[in-house]
Each structure stands twice: as structure tokens, then as C-alpha cells.
Amino acid sequence: MGRKKLNIMIIDGNNEDLKLLCNEIPRYSERHRFEFRTRVASHGKAGLQIVSSLLGTPDQIDIILFDISTTRQEDLDALERLSSIALTEKMFVFLMSNNLDDDILCIAKANRAIAIEKKPNSQYKIDLVIDRMVSVCTEITTESYVLDC
Numbered sequence: 108m109g110r111k112k113l114n115i116m117i118i119d120g121n122n123e124d125l126k127l128l129c130n131e132i133p134r135y136s137e138r139h140r141f142e143f144r145t146r147v148a149s150h151g152k153a154g155l156q157i158v159s160s161l162l163g164t165p166d167q168i169d170i171i172l173f174d175i176s177t178t179r180q181e182d183l184d185a186l187e188r189l190s191s192i193a194l195t196e197k198m199f200v201f202l203m204s205n206n207l208d209d210d211i212l213c214i215a216k217a218n219r220a221i222a223i224e225k226k227p228n229s230q231y232k233i234d235l236v237i238d239r240m241v242s243v244c245t246e247i248t249t250e251s252y253v254l255d256c
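Residue numbers (this note's numbering): 108 to 256.
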């Protein structure tokens, strides 16, 4: 049985974090039964355009990792649209934030997303983000597991 392919959209305005995620995710492909393919965008609107353009194709996005800025209305608008697409297309949205305060937790819950804490430029936190993502994906693909956000 081959490895399940998971297409990941990473939306992050911090180039260093993007580099870390893009370098780390393939390592997890080697350790897990998933083959991760990543695409990147620097902000929500660009990420939304890429996700929308891939709908219905073999490269359709399965997982969105979004480092959202709660002060950017454009990011909040993109998240609302992405969460709507995710619900219809059975995608998973992970919101990455440096601080999981009440604002980000409410935004995550309202948009059926999974909030994950991360710190910028920290290998340890990047590993935690990927571990959490892999954990959720493993639970979902190994049984009929419904994530209640």
C-alpha cells in the first residue's frame, strides 16, 4: 500500500518560518506514511487564490497551515472564505499563532480551524506544529475520526 499524499498550503508572511516549514515537512514524509507536497503563499489572499485554483484537481489542497494576523482584515476575510471551502471540500485548516490568546481561539472555533501555537524562527515550535498536524492527519486517515473544533 502506498503512502497517502497530502497537499499542504502554507500561508505565512515570515520568510524564515516558511523556509523552516518547507525544509522540515519533507523529513516527516520519510518518517510517516504520508507524502507531503507543499505550496506557499505570503498572505491570505494569495493563499486563497492558490487553494481555489486547485479545487477539483489531483493537487487539491488537503491541509492549510495559516499563520494568521488577527489585525489584518484581509487575512480574516481570506480565512472566512478558506474555512468555507475547507468545510465543503473536506480540508483541514490549522491556524498558527505566536500566542494562543482568546482572540485567536475564538477565530479558530468560528472558522472550524485547529489553533496551534508557534514561535517565530524556532525549530522546536515548528516541530510541534508539524507533529500536531501529522497527529491529526493520522487519526483522520486511520479511522472514521471526526474532528470537533
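Backbone N, C-alpha and C fix where the C-beta goes; we use that ideal spot for every residue, glycine too.
With distances taken Cα to Cα, identify the nearest neighbour of residue i among the options.
{"i": "Asp124", "options": "Met198, Asn205 and Asp209", "result": "Asn205"}
{"i": "Arg179", "options": "Val243, Ile214, Ile171 and Ile117", "result": "Ile214"}
Ignore the nearest five residues each way along the sequence and tell me which others in residue i's own chain have a CB closer than 7 angstroms to its CB.
{"i": "Glu187", "result": "Asn218"}
{"i": "Ser190", "result": "Val200, Asn218, Arg219 and Ala220"}
{"i": "Leu155", "result": "Ala185, Arg188 and Leu189"}
By the 10 Å Cβ neighbour count, where 16 or more other Cβ atoms means buried, how is residue i classified, buried or exposed?
{"i": "Asn130", "result": "exposed"}
{"i": "Asp169", "result": "buried"}
{"i": "Asn114", "result": "buried"}
With DSSP as the reference, label residue i as helix, strand or coil.
{"i": "Arg179", "result": "coil"}
{"i": "Arg144", "result": "strand"}
{"i": "Lys216", "result": "helix"}
{"i": "Ser126", "result": "The question names Ser, yet the displayed sequence has Lys at residue 126. Helix, per DSSP."}
{"i": "Leu202", "result": "strand"}
{"i": "Ile117", "result": "strand"}
Considering only residues of the same chain and omitting the five flanking positions on each side of residue i, which have a CB-CB separation below 8 angstroms?
{"i": "Thr195", "result": "none"}
{"i": "Thr236", "result": "Correcting the residue type first, residue 236 is Val in the shown sequence and not Thr. Hits under 8 angstroms: Leu128, Leu172, Phe201, Met203, Ile223 and Lys225."}
Check whether the stretch 200-216 touches the stretch 144-153, taking contact to mean three or more Cβ pairs, one atom from each stretch, closer than 8 angstroms. no
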